[in-house]
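Asks:
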Amino acid sequence: MLDTRPIISRETLKQVADARLAEANALIESGHYAGAIYLAGYAAECYLKLAACVTLNWDHLYGAFRDHDLEALLLYSGLDKELRSDQEIYQSFVKIMNTWPIRKGPDKPEHVRYSGPGDFDEEEATAFLSCVSDMKAGVVPWLQSRV
Amino acid sequence: MVAKQGLRAKENIQKALTEFVDGGEHVIVFENEWGHMGVFLGSEKFRGKNPLARIDIVWDFLRNRLEWEDLSRLSTIHAWTPEEYDQWAPRAQ
């Protein structure tokens, strides 16, 4: 049974996504790298959900999309084929998808949410944020231009 | 037609990555639940590298060897050192 209970409006979802991205940048500035990666990945997830809402002409995100699988969300957004046709953006997407959450193995997931403060350094966090928010190669600006 | 393309992509990815790890011992290519490709890789080339850098190494290698049509079907990359591979890669049936 499809869960059609509304979770959040499209407008609020966009505000949440932008806020998480701003917080990720603030965290990286203050040296909190694991938190920065976690929130930046979450911003990308929110934008994929927003893109799905736009494609499906939904005013709200519904319970059926309570999903953290970025590949699934990309498919629901209807932008899968277009994103895969852009080599630079798709490479960024693959890096985000395979880092957030970190998948050490099929039965040994190690979610970035449970990472300690020293598990990531500035270089990794900066590279991750670039995949998410770089104006040329970032997945979020690419999605922003389509929602 | 789509299944044929998927099979061809899988074969091409397997072939290229076998070259990447200098033999087939530490490569498993699989089709994920969305019909795209994933890989389990074990290589010394990943030692000392963070997860993002590991993906870049694989990506840059494949970009020079595969058509984009095949490479764009690859979405999941588990890039491990040989020890990590032994610990985490699924065992052959």
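Here the protein sequences line up with chains A and B, keeping their order.
Mapping of the first sequence onto this note's numbering: position 23 corresponds to residue 23, and the numbering continues sequentially without gaps.
Mapping of the second sequence onto this note's numbering: position 51 corresponds to residue 1051, and the numbering continues sequentially without gaps.
Every residue, glycine too, gets a C-beta built ideally from N, C-alpha and C.
Quantities reported herein were computed from a predicted structural model and do not represent experimental measurements.
How many Å lie between L13 (chain A) and V1021 (chain B) at the Cα?
Replies: Position 13 of the first sequence, counting from 1, holds the residue named residue 13 (chain A). Position 21 of the second sequence, counting from 1, holds the residue named residue 1021 (chain B). For L13 (chain A) and V1021 (chain B), the distance between alpha carbons rounds to 43 Å.
Asks: In terms of residue numbering, what span does the alpha helix (DSSP H) encompassing G41 (chain A) cover?
Replies: Sequence index remark: in the first sequence, residue 41 (chain A) carries index 41 (1-based). Counting along the chain, the alpha helix (DSSP H) containing G41 (chain A) begins and ends at Y33 to T55.
Asks: Could you work out which residues of chain B lie near L75 (chain A), taking near to mean beta carbons separated by less than 7 Å?
Replies: In the first sequence, residue 75 (chain A) corresponds to position 75, counting from 1. Going along chain B in sequence order, the residues near L75 (chain A) (Cβ under 7 Å) are W1034.
Asks: Look at V4 (chain A) and Y62 (chain A) and say whether their C-beta atoms are less than 8 Å apart.
Replies: Within the first sequence, residue 4 (chain A) is the residue found at index 4, counting from 1. Within the first sequence, residue 62 (chain A) is the residue found at index 62, counting from 1. The displayed chain sequence assigns Thr, not Val, to residue 4 (chain A). Contact: yes.
Asks: Is it right to say R84 (chain A) is buried, meaning 16 or more other beta carbons lie within 10 angstroms of its own, or is it exposed?
Replies: As a position in the first sequence, residue 84 (chain A) is number 84, starting the count at 1. Its Cβ being crowded by 16 or more others within 10 Å, R84 (chain A) is buried.
Asks: Just tell me which of A:S9, A:T126 and A:S133 has its CA closest to the CA of I28 (chain A).
Replies: Counting from one through the first sequence, the residue named residue 28 (chain A) turns up at place 28. Answer by Cα proximity: A:T126.
Asks: Is the region 1026–1037 of chain B close to the region 1045–1062 of chain B, with three or more CB pairs under 8 Å?
Replies: no
Asks: Please list the partners that S1075 (chain B) has in chain A, where partner means a Cβ-to-Cβ separation under 7 Å.
Replies: Walking along the second sequence from the start, residue 1075 (chain B) turns up at place 75. Neighbours of S1075 (chain B) on chain A, chain order: E71, V94 and M97.
Asks: Could you give the DSSP three-state label for W1068 (chain B): helix, strand or coil?
Replies: The residue given as residue 1068 (chain B) occupies position 68 in the second sequence. The answer is helix: DSSP assigns W1068 (chain B) an H, G or I state.
Asks: Which residues of the region 1031–1059 of chain B have a Cβ closer than 8 Å to any Cβ of chain A? Give them in chain order.
Replies: N1032, W1034, H1036, N1050, P1051, L1052, A1053, I1055, D1056 and W1059
Asks: Can you give me the Cβ contacts of D67 (chain A) inside the same chain, cut-off strictly under 7 Å, excluding the 5 residues immediately before and after it?
Replies: Taking the first sequence and counting its residues from 1, one reaches residue 67 (chain A) at position 67. Excluding residues within five positions, the ones whose Cβ falls inside 7 Å are L73.
Asks: Per DSSP, H68 (chain A) is paired with what?
Replies: For the purposes of this step, residue 68 (chain A) is taken as the residue at position 68 of the first sequence. The partner list for H68 (chain A) (beta bridge, DSSP) is empty, contrary to what the question assumes.
Asks: For chain B, find out if any of its Cβ atoms is closer than 8 Å to the Cβ of Y90 (chain A); answer yes or no.
Replies: Position 90 of the first sequence, counted from the first residue, corresponds to residue 90 (chain A). Closer than 8 Å to some Cβ of chain B, the Cβ of Y90 (chain A) qualifies, so yes.
Asks: Buried or exposed: where does L1017 (chain B) fall if 16 or more other Cβ atoms within 10 Å of its Cβ makes it buried?
Replies: Taking the second sequence and counting its residues from 1, the one referred to as residue 1017 (chain B) is at position 17. It is buried - the Cβ of L1017 (chain B) has at least 16 other Cβ atoms within 10 Å.
Asks: Quickly, what does DSSP pair H1078 (chain B) with across the bridge? List them, please.
Replies: Looking up residue 1078 (chain B) in the second sequence gives position 78. According to DSSP, which records beta bridges pairwise, H1078 (chain B) is partnered with B:F1040.
Asks: For the putative contact between V140 (chain A) and A43 (chain A), defined by C-beta atoms under 8 Å, what is the C-beta separation to the nearest angstrom?
Replies: Locating residue 140 (chain A) in the first sequence gives position 140, where the first residue counts as 1. Locating residue 43 (chain A) in the first sequence gives position 43, where the first residue counts as 1. Going by Cβ atoms, the distance from V140 (chain A) to A43 (chain A) rounds to 6 Å, so yes, they are a contact pair.
Asks: Helix, strand or coil, according to DSSP, for E1083 (chain B) in the structure here?
Replies: The count along the second sequence starts at 1 and reaches residue 1083 (chain B) at position 83. In the structure shown, E1083 (chain B) sits in a helix (DSSP, three-state: H, G or I).
Asks: Name the residues in the region 53–72 of chain A whose C-beta lies less than 8 Å from a C-beta of chain B; which are they?
Replies: E71 and A72
Asks: Please list the terminal residues of the continuous beta strand (DSSP E) segment that includes D61 (chain A).
Replies: Counting from 1 along the first sequence, the entry for residue 61 (chain A) is found at position 61. Inspection of the sequence shows that residue 61 (chain A) is occupied by Leu rather than by Asp. L61 (chain A) -> beta strand (DSSP E) spans H60 to Y62.
Asks: Is DSSP giving S9 (chain A) helix, strand or coil here?
Replies: To locate residue 9 (chain A), count along the first sequence from 1; it is residue 9. Residue state, collapsed to three classes: strand.
Asks: Within the same chain, show all residues whose beta-carbon is closer than 7 Å to that of E23 (chain A), passing over the 5 residues directly before and after it, in chain order.
Replies: As a working mapping, residue 23 (chain A) is identified with position 23 in the first sequence. Only L39 meet the Cβ criterion.
Asks: So what's E1033 (chain B) in DSSP terms, helix, strand or just coil?
Replies: As a first step, residue 1033 (chain B) must be located in the second sequence, where it is residue number 33. In the three-state reduction of the DSSP assignment, E1033 (chain B) falls in the coil class.
Asks: For R84 (chain A), report the span of its alpha helix (DSSP H) as first-last.
Replies: Residue mapping note: residue 84 (chain A) aligns to position 84 of the first sequence, counting from 1. Residues D80 to R84.
Asks: Taking 8 Å as the CB-CB limit, is E124 (chain A) close to chain B?
Replies: For the purposes of this step, residue 124 (chain A) is taken as residue 124 along the first sequence, with counting starting at 1. So, interface residue.
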